[in-house]
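Trainee: Residue numbers (the working numbering), protein chains in the order written: chain S, -19 to 278; chain D, 47 to 302.
The beta-carbon is built from N, C-alpha and C at its ideal position, and this holds for glycine as well.
Please read these numbers as outputs of a predicted model, since none were measured by experiment.
I have a structure I would like to understand better, so I am pasting it below and will then ask my questions one at a time.
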């Protein structure tokens, strides 16, 4: 559907993004794009949309209007009602178009139609663009930090609805987010960027296995817990957490037995994107490119 | 999925967009009527009775030019630069609207709005002012001139807003042009002949000067040499066109 190769984006003399190995987005892919601030996530989306100057190639048979995008900032005029804006963009009468009306109801947006865009809340503004993007039914969709700035409950509800909407559809979705639990729900592949470079690109299970092992056990980082798990391999994690890598069932059982015996709370995960990301970005030279071709081919 | 071009719905949207801007509505609709009425009621008292209707008609003709200037130069410039500041045109573009389709829809919507405002202006002036009844050809020339100004000012303000991309500087530039045009083209009561030589040269490159100075002469009868006026129209149109083409080329997305 879309192949990126040898892409380089520069802002002045600074390289904002450099993708040397080919990255291919295939039909039906659900790709999470993750990375720290300034990693090049939005730059990548802008390049695909043709909003940036770049060198290299982005090959696609899709016309620009066949790519839908929810940018970080989406604004509309406030000189008229949201209904008028939406009807113009969708070129339809909202009430008479069942598909659009169903989507509006699905996102509980009916009450907002008579309001002006500026008076909508953050969540309502996000929902408006999501509805418009979904109505477009494009084969390739980008969501750039859709839920940033929203409260936990609104984020959860939005993501649940999006997951629900895309169930059974073969739309290719690329979603940029710093909320990794959202990505766990929606994506099957991950593109990890760091400082403008690709760290890795593959199925999330493959990446998890590569950087974390079979499973990860996390527990509170305190003196007692540190002493308990001293002999087990540890992964990089947030300072308040100890993350233990379990390469196999046997290691996992050993660790959990100790923790249960000592009455220590812990969590087990086989898809913790946050820990996987923290460990992937510390060893880019080791893995860069190796997983890319595999990811592109799978 | 097709690229969205200029549709009736998009034009309707743009008309709502113009009507939703109170500054455009005030400066294009109320301001010229108010100004013509105030000037005719104050300064015209000093004018001898015999020439008063011609002088009032001159005010009507001159103030009529404020309508396209307010709608296209000030109103559109302000509205569009605010949209650019918030990336609204980019957002519309990403939803599949072509840049040319959006520009055409805006131009058509502004021309429709101009028609409505001119009808109000003429109706109010007929009620409030003692205007000489024109010959049909003079009405046609005057109307065409106002629409021509509309198109040229639209091109100019669209180009300025696209280049500058910020409301503040765009508004400052268009307002400055608005007042410069008003002052040197004789729309504020200062006769072009009384201006310094250099400013007179600039004034005669602008078509508004010929309208405010000469159009009253063939309002009821008589002929007029349109060549200098048309040259000035072409010159201003060409300058505006260059600004727009330059700005649009700068804005083009890379993938087409």
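Which whole-angstrom value describes the C-beta separation of residue 97 of chain S and residue 137 of chain D, a residue pair presumed to lie in contact below a C-beta threshold of 8 angstroms?
Mentor: Not confirmed; about 11 angstroms, so no contact.
Trainee: From the DSSP secondary-structure annotation, give me the bridge partner or partners of residue 237 of chain S.
Mentor: Paired residue(s): none; residue 237 of chain S is not in a bridge.
Trainee: Do residue 206 of chain D and residue 216 of chain D have their beta-carbon atoms positioned less than 8 angstroms apart in this structure?
Mentor: Contact flag set, yes.
Trainee: Give me the Cα-Cα distance between residue 54 of chain S and residue 94 of chain S, rounded to the nearest whole angstrom.
Mentor: Distance between the alpha carbons of residue 54 of chain S and residue 94 of chain S is about 19 angstroms.
Trainee: Could you please give the first and the last residue of the uninterrupted alpha helix (DSSP H) stretch that includes residue 203 of chain S?
Mentor: Looking at the DSSP string, the run of the alpha helix (DSSP H) that includes residue 203 of chain S is 203 to 208.
Trainee: Would you check if there are 3 or more beta carbon pairs closer than 8 angstroms linking the segment 162 to 175 of chain S to the segment -6 to 11 of chain S?
Mentor: Counting Cβ pairs under 8 angstroms, three or more are found: they touch.
Trainee: Verify whether the separation of the beta carbon atoms of residue 176 of chain S and residue 20 of chain S is less than 8 angstroms.
Mentor: Against a cut-off of 8 angstroms, the Cβ pair of residue 20 of chain S and residue 176 of chain S comes out as a contact.
Trainee: For residue 60 of chain S, which residues in chain D fall below 9 angstroms Cβ to Cβ?
Mentor: Ordered by position in chain D, the residues that pass the 9 angstroms Cβ test against residue 60 of chain S are 59, 62, 63, 65, 66.
Trainee: Go ahead and label residue -9 of chain S buried or exposed: buried means 16 or more other beta carbons lie within 10 angstroms of its beta carbon, across all protein chains shown.
Mentor: Exposed.
Trainee: Check residue 97 of chain D in the structure and name its three-state DSSP category.
Mentor: Coil at residue 97 of chain D, not helix or strand.
Trainee: Using a Cβ-Cβ distance under 8 angstroms, would residue 209 of chain S count as near chain D?
Mentor: Closer than 8 angstroms: no.
Trainee: Using a Cβ-Cβ distance under 8 angstroms, would residue 71 of chain S count as near chain D?
Mentor: Yes, contact with chain D.
Trainee: Tell me the DSSP bridge mates of residue 154 of chain S?
Mentor: Residue 154 of chain S pairs with S/11, S/122.
Trainee: Skipping 5 residues on each side, what residues in its chain have a beta carbon closer than 8 angstroms to that of residue 105 of chain S?
Mentor: Excluding residues within five positions, the ones whose Cβ falls inside 8 angstroms are 54, 97.
Trainee: Report the rounded CA-to-CA distance for residue 157 of chain D versus residue 195 of chain D, giving the unit in angstroms.
Mentor: Taking the straight line from one Cα to the other gives about 11 angstroms.
Trainee: For residue 202 of chain D versus residue 231 of chain D, is the C-beta spacing smaller than 8 angstroms?
Mentor: It is not a contact, given that the beta carbons lie outside the stated cut-off.
Trainee: Using a Cβ-Cβ cutoff of 8 angstroms, what residues of the segment 183 to 205 of chain S are near chain D? List them in chain order.
Mentor: Hits within the stretch: zero.
Trainee: Give the secondary structure of residue 137 of chain D by DSSP, where H, G and I count as helix, E and B as strand, and everything else as coil.
Mentor: In the structure shown, residue 137 of chain D sits in a helix (DSSP, three-state: H, G or I).
Trainee: Please state if the CB of residue 49 of chain S and the CB of residue 25 of chain S are separated by a distance shorter than 8 angstroms.
Mentor: Yes.
Trainee: Going along the chain, which residues of the segment 262 to 295 of chain D sit with their C-beta nearer than 8 angstroms to a C-beta in chain S?
Mentor: From the segment 262 to 295 of chain D, no residue has a Cβ closer than 8 angstroms to chain S.
Trainee: Return helix, strand or coil for residue 269 of chain D, following the three-state DSSP convention.
Mentor: Residue 269 of chain D falls in the coil class under three-state DSSP.
Trainee: I believe residue 246 of chain D touches residue 180 of chain D by the beta-carbon criterion, under 8 angstroms. Please report the beta-carbon distance rounded to the nearest angstrom.
Mentor: In fact, because the Cβ distance is near 28 angstroms, the residues do not count as touching under 8 angstroms.
Trainee: Residue range of the alpha helix (DSSP H) that residue 248 of chain S falls in?
Mentor: Taken as a continuous stretch (DSSP letters only), residue 248 of chain S belongs to no alpha helix (DSSP H), being part of the beta strand (DSSP E) at 246 to 249.
Trainee: Can you check whether the C-beta of residue 49 of chain D is within less than 8 angstroms of a C-beta belonging to chain S?
Mentor: Yes, its Cβ sits closer than 8 angstroms to a Cβ of chain S.
Trainee: Could you compute how far the alpha carbon of residue 211 of chain D sits from the alpha carbon of residue 290 of chain D?
Mentor: Spanning the two alpha carbons is a distance of roughly 13 angstroms.
Trainee: Is it the case that the segment 80 to 94 of chain S contacts the segment 38 to 45 of chain S, given that we only count it when at least three CB pairs across the two stretches are under 8 angstroms?
Mentor: Too few Cβ pairs lie closer than 8 angstroms, so no.
Trainee: Give the interface partners of residue 142 of chain D over in chain S, defined as CB-CB distance under 7 angstroms, in chain order.
Mentor: Here the neighbours are 45.
Trainee: By the three-class DSSP mapping on this structure, what secondary structure does residue 252 of chain S have?
Mentor: Note: residue 252 of chain S maps to coil in three-state DSSP.
Trainee: Give me the Cα-Cα distance between residue 170 of chain D and residue 80 of chain D, rounded to the nearest whole angstrom.
Mentor: In a straight line, the C-alpha of residue 170 of chain D is about 10 angstroms away from that of residue 80 of chain D.
Trainee: Only counting runs of 4 or more residues, tell me where the alpha helix (DSSP H) segments fall wholly within the segment 47 to 98 of chain D, in order along the chain.
Mentor: 54 to 65, 68 to 71, 77 to 88, all fully within the segment 47 to 98 of chain D.
Trainee: By a C-beta neighbour count over all protein chains shown, 10 Å radius and 16 as the cutoff for buried, is residue 214 of chain D buried or exposed?
Mentor: Answer is exposed; the Cβ neighbour count stays below 16.
Trainee: With 16 as the cutoff for other CB atoms within 10 Å, does residue 126 of chain D come out buried or exposed?
Mentor: It is buried - the Cβ of residue 126 of chain D has at least 16 other Cβ atoms within 10 Å.
Trainee: Could you say which of S/197, S/258, S/114 lies nearest to residue 149 of chain S if we only look at CA atoms?
Mentor: Of the candidates S/197, S/258, S/114, the one whose C-alpha sits nearest the C-alpha of residue 149 of chain S is S/114.
Trainee: For residue 249 of chain D, count neighbouring Cβ atoms within 10 angstroms of its own Cβ and tell me buried if that reaches 16, exposed if not.
Mentor: By the neighbour-count rule (16 or more Cβ atoms within 10 Å), residue 249 of chain D is buried.
Trainee: With distances taken between CB atoms, is the gap from residue 175 of chain D to residue 106 of chain D smaller than 8 angstroms?
Mentor: For residue 175 of chain D and residue 106 of chain D, yes; Cβs fall inside 8 angstroms.
Trainee: Quick check: the segment 184 to 193 of chain S against the segment 249 to 256 of chain S, are there 3 or more CB pairs under 8 angstroms?
Mentor: In short, these stretches touch, since the Cβ pair count reaches three.
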